[in-house]
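Visitor: Residue numbering for the sequence shown follows numbering that gives the first Met the number 0, beginning at 0 and increasing consecutively. Using N, Cα and C, we set each Cβ at its ideal position, and we do this for glycine too.
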Amino acid sequence: MKQILQALQDAKLVQLFKSSFILPLISTISMENKTISNTEGLSRVDGRLKVTGKAKYSAEYNVQGLVYGVLVGSTVAKGSIKAIDTKKAEGAPGVLSVLTYLNAPKIPGYQVDNPPPKGPLKIFYNDQIYFNGQPIALVVADTFERALFAASLVSATYNVTAHQTELKTNMSNGFAPSKGKDYVKGQEDAYKSAPIKIEQEYIIPTEVHNPMELHAIIARWDADDKITVWDKTQGVKSTQRTIAQAFKVPPENVQVTSPFVGGAFGAALRTWPHEIAAVLAAKVLNKPVKLVLSRADMFTSVGYRPYTWQKVGIGATADGKLVGITHEATGQTSAYEDFTEGVVNISQLMYACPNVNTKYRLVSLNVNVPTPMRGPGEATGAFALESAMDELSYALNIDPIELRLKNYADTDPSNNKPYSSKFLSDAYKLGADKIGWSNRSQQPGSVTQNGWLAGYGMAAGMFGAHRSSATVTARMMADGTLILQTAVTDIGPGTGTAMVTVAAETMGIPADKIRFDMGDSSLPPSPTQGGSQITSTVGSAVHDACEALKEKFKTLAGNSSATDYTQILKQQNLDKLEVTTASKGGEEQGKYSMYSWSVHFIKVLVHPATGVIKIDKAVSSADAGTIISAKTARSQMIGGTIMGTGMALMEEAVIDHRYGRLVNNNFADYHVPVQADIPLVEAYFVNKPDPIINPIGAKGMGEIATIGVAAAIANAIYNATGKRVRDLPITPDKLI
Ligand code: MOS
């Protein structure tokens, strides 16, 4: 309440209350080192549209003449299609077409003389089956229900060959991928001869993104070489390129619209076979086709975090100085395409350690291809490394934070480059204070609270901070409205809100005078929303465009200080003034190591008889540079904690290896955290600008919000119970 009153006393904030789209601005966001500015706590600029249902998602466009597609998946995991019977389906009411590899027109971009041995799955290309659930037919009908019914009538027989879907029993088939070379610094396996050492294996199972919004596309051909799609995607420009390439039309002839995305977490980073199938069917029928994946389809069609085995060895001197780290990982991939991620990279640079070696292998299985999932690689790697660091802290009898501070890296240990900024030590202190770390006992299983075992755990995370290129148009209208335009999508973090914030601060105008247009391939180019790079990249481009626009106003106004933009436009008899600015990082990119850092703290309660786990308190603190948008940044961190909780305690896609088929491809059997599983999550930011990375000082936080959370929970459970669980998820049966 005190904060609210303080906020109300701020004249600028009172003014913001009057704006049309800023809902009551009651900010209880915890921010350190930041004075209240005119955009502090700006609510989501699209919040009202979202909560009133006015925000339109891909499946919701009422395109004239729509017909509906439903996919049919294979029921075997490996082999070839012997026969496929589509007659019954074709005769069902309302059915317009049943596409299979036998009758589908050839997709021009698929027809290559010497196809590479591996690559993205080509839908309806031939009779080959690579995984159970692989789409073998697309039924299109005049209604969704009729298409769904007809899809149930498609049947196929197969020439079945023996499949492999289990990583554990296929570890000996591991191969080194072309990306991700073995890494050796100093002496290999130096940990083995250290006075204190631990050596353990860790497993994370397959986890599926499962955003709330199902993947959906509406595809329409407007001419022989012109396509429009309303598509769930993290990158309208990359979807435009992929569809253009597949159908051999000029990229500018493919219009991709994706203004709202209901979560994606990496699952919509690329264009998947179902999207190509919808565009193909629209061509065949010369009608707009809508294809929405079912929840079950979502488990086999849009990637996942791959099942990964890891082994970590860490050695230290008796006083806790690291001697050596060895980190090995083997992850699963598909038989048709390799997916690699930086699982072991975190061990190369998280701590100052003279001897580090890492190794990464893949095993090809009869499964669909994995794809990045929030904190790709690092989230998996951090579970192993940060669990192992915790194990080492007990072996040394040193506080886990103290152990980390003893081995703090002031420069990047993998290449000796300076960091553009690193305030991780501030984040340790901030979070430790907020969780009440001083109440923690170093003796596992020694504290009870109302009959439950209580424990504290922490773990750190890091992820590369990037700035790539983006182009932004900034247009000041005669009525004082500023319109910003760029192609970027917002998959949920609040990009529009952050961009409006940057523009408001740069232009010195109220946020409600600013409109940010996005999610449209016809707008100036922006990168795909992924890899925690959008606030840094597009935020800098917005900043640069606004600065350029200000300059233009200044020139117009004869170099006098020009802040009354409408006045200048009026004087000059102009209805608008605009600039389009391309913006990207410079040579600093090569000179510095750039990372965002997070620390996650968990207090957990474990019931001694039943093994039931309750997260009592969760605190995340982060160094992500300048915090641009306080409320959405906080939400991002909370979301990351929730996702990490799923990873730690619940999520596991289970394959019945006899059939190579997923058995829990639904929300009844694949568990994700619900409201009752999550306590009040507190998020804190060091909030010091990175002076190097870009003009706005922001680094990015999409990935670090999740990276380290699972280890922090596992570490808290150990502290509470004395039981170390190294294979996720940590379900109650593993504790009793
Ligand atoms: Mo994210 S895994 O960069 O969408």
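Taking the alpha carbon of residue 756 as the reference point, which residue from 599, 485, 207 and 316 has its own alpha carbon closest?
Guide: The requested residue 756 is not part of the displayed model; the chain covers only 0 to 735.
Visitor: What is the DSSP secondary structure of residue 562, counted as helix, strand or coil?
Guide: Taking the first residue of the sequence shown as position 1, residue 562 is located at position 563. Residue 562 falls in the coil class under three-state DSSP.
Visitor: Comparing the CB of residue 63 with every heavy atom of the ligand MOS, is any distance shorter than 7 Å?
Guide: Walking along the sequence shown from the start, residue 63 turns up at place 64. For the ligand MOS, not one heavy atom lies less than 7 Å from the Cβ of residue 63.
Visitor: Is the segment 55-73 touching the segment 221-235, taking contact as three or more C-beta pairs under 8 Å?
Guide: Cβ pair count under 8 Å is three or more, so yes.
Visitor: Beta carbon of residue 66, beta carbon of residue 95: below 8 Å?
Guide: Your numbering for residue 66 matches position 67 in the sequence shown. Your numbering for residue 95 matches position 96 in the sequence shown. Result yes, Cβ atoms of residue 66 and residue 95 sit closer than 8 Å.
Visitor: So, for residue 385: in the same chain, excluding its five sequence neighbours on each side, which residues have a beta-carbon less than 6 Å away from its beta-carbon?
Guide: Numbered from 1 along the sequence shown, position 386 holds the residue referred to as residue 385. So the list reads 458, 707 and 710, once near-sequence residues are dropped.
Visitor: Quick one: give me the first and last residue of the alpha helix (DSSP H) that residue 272 is part of.
Guide: Mapped onto the sequence shown, residue 272 falls at position 273. Unbroken alpha helix (DSSP H) run through residue 272: 272-284.
Visitor: Please report the Cβ distance between residue 80 and residue 157, rounded to the nearest whole angstrom; I am assuming they are in contact, meaning their Cβ atoms lie under 8 Å.
Guide: In the sequence shown, counting from the first residue as 1, residue 80 sits at position 81. In the sequence shown, counting from the first residue as 1, residue 157 sits at position 158. At roughly 6 Å, the Cβ-Cβ gap stays under 8 Å, so residue 80 and residue 157 are in contact.
Visitor: Compute the distance between the beta-carbons of residue 305 and residue 164, then report whether it is under 8 Å.
Guide: Within the sequence shown, the letter at position 306 stands for residue 305. Within the sequence shown, the letter at position 165 stands for residue 164. Result no, Cβ atoms of residue 305 and residue 164 do not sit closer than 8 Å.
Visitor: What are the start and end residues of the alpha helix (DSSP H) that includes residue 401?
Guide: For the purposes of this step, residue 401 is taken as residue 402 along the sequence shown, with counting starting at 1. It spans 399-405 - the alpha helix (DSSP H) in which residue 401 sits, taken as one unbroken run.
Visitor: For the segment 386-398 against the segment 354-363, do three or more pairs of beta-carbon atoms, one drawn from each stretch, fall closer than 8 Å, so that the two count as touching?
Guide: no
Visitor: Should residue 438 be labelled buried (16 or more other beta-carbon atoms within 10 Å of its own) or exposed?
Guide: Sequence index remark: in the sequence shown, residue 438 carries index 439 (1-based). Residue 438 should be labelled exposed.
Visitor: Here's the rule: buried if 16 or more other CB atoms are within 10 angstroms of the residue's CB, otherwise exposed. What is residue 316?
Guide: Position 317 of the sequence shown, counted from the start, is the residue given in the question as residue 316. Exposed is the call here.
Visitor: If residue 319 and residue 395 are in contact, beta carbons under 8 Å, what's the gap, nearest whole angstrom?
Guide: Position 320 of the sequence shown, counted from the start, is the residue given in the question as residue 319. Position 396 of the sequence shown, counted from the start, is the residue given in the question as residue 395. Rounded to the nearest angstrom, the Cβ distance from residue 319 to residue 395 is 5 Å, consistent with a contact under 8 Å.
Visitor: Please go through the same chain and pick out, in chain order, the residues whose beta-carbon is closer than 8 Å to the beta-carbon of residue 150, but skip the five residues on each side of it.
Guide: Within the sequence shown, numbered from 1, the residue matching residue 150 stands at position 151. Correct list, in chain order: 69, 70, 71, 88, 136 and 138.
Visitor: Contact defined as beta carbons within less than 8 Å: I believe residue 91 pairs with residue 148. What is the distance between those atoms, to the nearest angstrom?
Guide: Start at 1 with the first residue of the sequence shown, and residue 91 comes out as number 92. Start at 1 with the first residue of the sequence shown, and residue 148 comes out as number 149. Yes, residue 91 and residue 148 are in contact; Cβ-Cβ is about 6 Å, under 8 Å.
Visitor: Would a C-beta distance cut-off of 8 Å place residue 720 and residue 611 closer than the cut-off?
Guide: Stepping through the sequence shown from its first residue, residue 720 is reached at position 721. Stepping through the sequence shown from its first residue, residue 611 is reached at position 612. No. Outside cutoff.
Visitor: Tell me which same chain residues have a C-beta within less than 7 Å of the C-beta of residue 286, skipping the five on either side of it?
Guide: Taking the sequence shown and counting its residues from 1, the one referred to as residue 286 is at position 287. Within the same chain, residue 286 has close Cβ partners 64 and 66.
Visitor: Using a Cβ-Cβ cut-off of 8 Å (strictly less than) and excluding sequence neighbours within five positions of residue 470, which residues of its own chain qualify?
Guide: Here residue 470 refers to the residue found at position 471 when the sequence shown is read from its first residue. Taken in chain order, the residues that qualify are 485, 523, 524, 525, 540, 579, 580, 581 and 582.
Visitor: Quick check for students: name the residue ranges of the alpha helix (DSSP H) that lie wholly in the segment 224-256, counting only runs of 4 or more.
Guide: 235-246
Visitor: Quick check on this structure: which residue in 300, 222 and 252 has the alpha carbon closest to the alpha carbon of residue 236?
Guide: On the sequence shown, position 237 is the one that residue 236 refers to. Taking only the C-alpha atoms, the option nearest residue 236 is 252.
Visitor: Pull the bridge partners of residue 183 from the DSSP assignment, please.
Guide: Residue numbering aside, residue 183 sits at position 184 when the sequence shown is read from its first letter. According to DSSP, which records beta bridges pairwise, residue 183 is partnered with 356.
Visitor: Between the alpha carbons of residue 722 and residue 734, how many angstroms are there, rounded?
Guide: Taking the first residue of the sequence shown as position 1, residue 722 is located at position 723. Taking the first residue of the sequence shown as position 1, residue 734 is located at position 735. So the two alpha carbons sit approximately 7 Å from each other.
Visitor: If you run the structure through DSSP and keep just helix, strand and coil, what is residue 674?
Guide: Here residue 674 is taken as the residue at index 675 of the sequence shown, counted from 1. Residue 674: helix per DSSP, three-state reduction.
Visitor: So, under 8 Å CB-CB, residue 303 and residue 647 are touching, yes? Tell me the CB distance rounded to an integer number of Å.
Guide: Counted from its first residue, the sequence shown places residue 303 at position 304. Counted from its first residue, the sequence shown places residue 647 at position 648. Incorrect: roughly 17 Å between the Cβ atoms, too far for contact.
Visitor: Residue 107 by DSSP, collapsed to three states: which one?
Guide: Your numbering for residue 107 matches position 108 in the sequence shown. In this structure, residue 107 counts as helix in the three-state DSSP scheme.
Visitor: What did DSSP end up calling residue 646 once you bin it into helix, strand or coil?
Guide: The residue labelled residue 646 in the question sits at position 647 within the sequence shown. In the structure shown, residue 646 sits in a helix (DSSP, three-state: H, G or I).
Visitor: What does the alpha-carbon distance come out to for the pair residue 689 and residue 700?
Guide: Working through the sequence shown from its first residue, we reach residue 689 at position 690. Working through the sequence shown from its first residue, we reach residue 700 at position 701. Cα to Cα, the separation comes out at about 13 Å.
Visitor: Please report how far the alpha carbon of residue 119 lies from the alpha carbon of residue 75, in whole angstroms.
Guide: Residue mapping note: residue 119 aligns to position 120 of the sequence shown, counting from 1. Residue mapping note: residue 75 aligns to position 76 of the sequence shown, counting from 1. Distance between the alpha carbons of residue 119 and residue 75 is about 20 Å.
Visitor: Whose C-alpha, out of 105, 115 and 126, is nearest the C-alpha of residue 82?
Guide: The sequence position of residue 82 within the sequence shown is 83, counting from 1. Out of 105, 115 and 126, 126 has the C-alpha closest to the C-alpha of residue 82.
Visitor: So, at 6 Å on beta carbons, what are the nonlocal neighbours of residue 514 in its own chain, with the 5 sequence-adjacent residues on each side left out?
Guide: Translated into the one-based positions of the sequence shown, residue 514 becomes position 515. Excluding residues within five positions, the ones whose Cβ falls inside 6 Å are 482.
Visitor: With a threshold of 7 Å, establish whether the CB of residue 700 neighbours any heavy atom of the ligand MOS.
Guide: Here residue 700 corresponds to residue number 701 of the sequence shown, with the count starting at 1. No, since every heavy atom of the ligand MOS falls outside the 7 Å radius drawn around the Cβ of residue 700.
Visitor: Quick check on DSSP: helix, strand or coil for residue 443?
Guide: For the purposes of this step, residue 443 is identified with residue 444 of the sequence shown, where counting begins at 1. Residue 443: coil per DSSP, three-state reduction.
Visitor: From residue 609 to residue 731, what does the alpha carbon distance come to, in whole angstroms?
Guide: Start at 1 with the first residue of the sequence shown, and residue 609 comes out as number 610. Start at 1 with the first residue of the sequence shown, and residue 731 comes out as number 732. The C-alpha of residue 609 lies about 7 Å from the C-alpha of residue 731.
Visitor: Under 8 Å, do residue 370 and residue 342 count as touching if we go by C-beta distance?
Guide: Position 371 of the sequence shown, counted from the start, is the residue given in the question as residue 370. Position 343 of the sequence shown, counted from the start, is the residue given in the question as residue 342. The answer is no: Cβ separation not under 8 Å.
Visitor: Considering only C-alpha positions, which residue in the set 295, 243 and 284 is nearest to residue 97?
Guide: Locating residue 97 in the sequence shown gives position 98, counting from the first residue. The shortest Cα separation from residue 97 among 295, 243 and 284 belongs to 284.
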